[in-house]
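I have placed the structure first, in the form of structure tokens, so that the comments after it can refer back to it.
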Amino acid sequence: MPPAAARAQAELHDQKTKLANSYSELLNEFSSKDLRTVGNYTVGRLIGKGSFGKVYLASHKLINGSKVVLKSAKKDDANLAREIHHHRQFLHPHIARLYEVIVTESLVWLVLEWCPGDELYNHLLEHGRMEENKVQKIFTQLVGAVSYVHSKSCVHRDLKLENILLDKHGNVKLVDFGFTREYQGTTSYLQTWCGTVCYSAPEMLKGEKYAGEKVDVWSLGIILYALLCGELPFDEDDENDTKQRILKEDPKYPEHVPEGAKDLLSKLLSRRPLLRPPLADVLRHPWLQEYAPQQQEILKVLQPPPFSTEVEKATLQRMRSAGVNIDHVIENVLGQRCDPLAGWWGLLLEKEERKE
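Printed below as a string of structure tokens:
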């Protein structure tokens, strides 16, 4: 065979081999049980699972160094639409960001801010009760986040240790807005029982109509007790026993609990809802004064109009230079669409802000 013909035959053989290998890789990817990509995200390790679905660590394909959490949910989850509707509106330093929502044939994926510091629940299991100063910092940040939710005429209704994460600096990030509801002022009452028994206010356990803000305040009291004592104040093996203790007993305070904290707890855990203080008053409590001014300032400062800061303008220009239609970016972000463009924008902007 002439050399030219031999080379041509060898090249043809190589092409067929590459095509066969590519086809085989594609078949393997289709049949693999390992999840590799969701939308624009490369899926990493599984970090959690429950009745709601699975949670993965992931990264955005177009942003080096980005880390997010992918949380799956079934399309028929009754609370899913409400969770997305409320969470996408919340922009606060102590509320985990919702960047994007990805809808597949069978699942809905929420792309959320990654918080490497774990849940408060796991932190307490591993380390036990916290030092007083750390409790003051964490609890004040949490009160600031819930105050912000209330300022949006919403109530959380599922405040518990498992729904409070810590970032790499040990700062609070509130999550899980599946039971969040709107309410109309202090005369608006809710009736649906939701949440977890050991965090539930007495009026909710009685099946009475309740003021949403007041049940959040009670749950904050339960969380504060747990941070200080390393255990919940009302937590029996039998749920009915837990309910009876909540309805009839006062918490028992160990000797190490500071007097200032006891005073605040007695107000938060009043069985009479009207005696529980509004969160603005909680932030004025003497025991929280080392950290409260920062949270009060965050609540007072108005968010600047979107795309008005220098870093936002520079980030838009970078996207324009990359060939992105920034009119679509602006429209989708302002419309709170939580689509791929809005997700890319949110993560890219945060990366640029970290450089400042």
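The sequence shown runs 1 to 356 under full-length UniProt numbering.
Glycine included, every Cβ here is placed at the ideal spot set by N, Cα and C.
Can you list, in chain order, the residues of its chain whose CB lies under 6 Å from that of residue i, leaving out five sequence neighbours each side?
i, result
"K83", "The question names Lys, but residue 83 in the sequence shown is Glu. Cβ neighbours of E83 beyond the five flanking positions: F177 and G178."
"Q191", "K209"
"Q201", "One detail in the question is off: residue 201 reads as Ala in this sequence, not Gln. The answer, listed in chain order, is V215 and W218."
"R271", "P202"
"E162", "E119 and Y121"
"E350", "none"
"G343", "Y99, E100 and V111"
"R97", "E113"
"H256", "none"
Do residue i and residue j have their CB atoms nearer than 7 Å?
i, j, result
"Q136", "L288", "yes"
"I330", "M319", "no"
"L246", "F234", "Before going further, note that residue 246 is Ile rather than Leu in the sequence given. Yes, Cβ-Cβ distance for I246 and F234 is below 7 Å."
"residue 362", "T242", "Any property of residue 362 remains undetermined from this structure, which presents the chain solely from 1 to 356."
"T196", "K248", "no"
"Y183", "G221", "no"
"H94", "V172", "yes"
"I63", "L348", "yes"
"I298", "G144", "yes"
"residue 357", "V175", "The displayed coordinates of the chain run from 1 to 356. Any statement about residue 357 would go beyond what the structure contains."
"K267", "P277", "yes"
"G44", "R129", "no"
Going along the chain, which residues of its own chain have a beta-carbon closer than 8 Å to the beta-carbon of residue i, five neighbours each way excluded?
i, result
"V55", "L46, I47, G48, K49, V69, L70, K71 and S72"
"A314", "E352"
"A261", "E132, V135, L224, L228 and W287"
"Q303", "L91"
"E356", "V311"
"E259", "none"
Between which two residues does the alpha helix (DSSP H) harbouring residue i extend?
i, result
"K214", "G212 to C229"
"I298", "A292 to K300"
"H150", "E132 to S151"
"G346", "P340 to K355"
"R318", "E310 to S321"
"R245", "E239 to K248"
"L165", "Premise fails: L165 lies in the beta strand (DSSP E), I164 to L166, not in any alpha helix (DSSP H)."
Tell me the residue span of the beta strand (DSSP E) that contains residue i.
i, result
"V101", "L98 to V103"
"I84", "Unbroken run through I84 is the alpha helix (DSSP H), L80 to H87; no beta strand (DSSP E)."
"E60", "Reading off the sequence shown, one finds His at residue 60, where the question assumed Glu. Note, H60: beta strand (DSSP E), G53 to H60."
"S72", "V68 to K74"
Would you kindly work out how many angstroms separate the C-alpha atoms of residue i and residue j, rounded to a whole number?
i, j, result
"I102", "E11", "42 Å"
"Q295", "L279", "11 Å"
"Q9", "K16", "11 Å"
"V301", "H60", "31 Å"
"G53", "L274", "38 Å"
"R337", "R7", "55 Å"
"G323", "P340", "15 Å"
"I138", "H169", "11 Å"
"L264", "S151", "22 Å"
"G65", "R354", "12 Å"
"L205", "T42", "43 Å"
Whose C-beta lies closer than 7 Å to the C-beta of residue i among residues of the same chain, with five residues either side of it excluded?
i, result
"G346", "R97 and Y99"
"N79", "G178 and F179"
"D76", "none"
"L334", "P306"
"K18", "none"
"E290", "Q136"
Counting Cβ pairs closer than 8 Å, one from the region 103-117 and one from the region 36-43, do we hit at least three? Cβ pair count under 8 Å is three or more, so yes.
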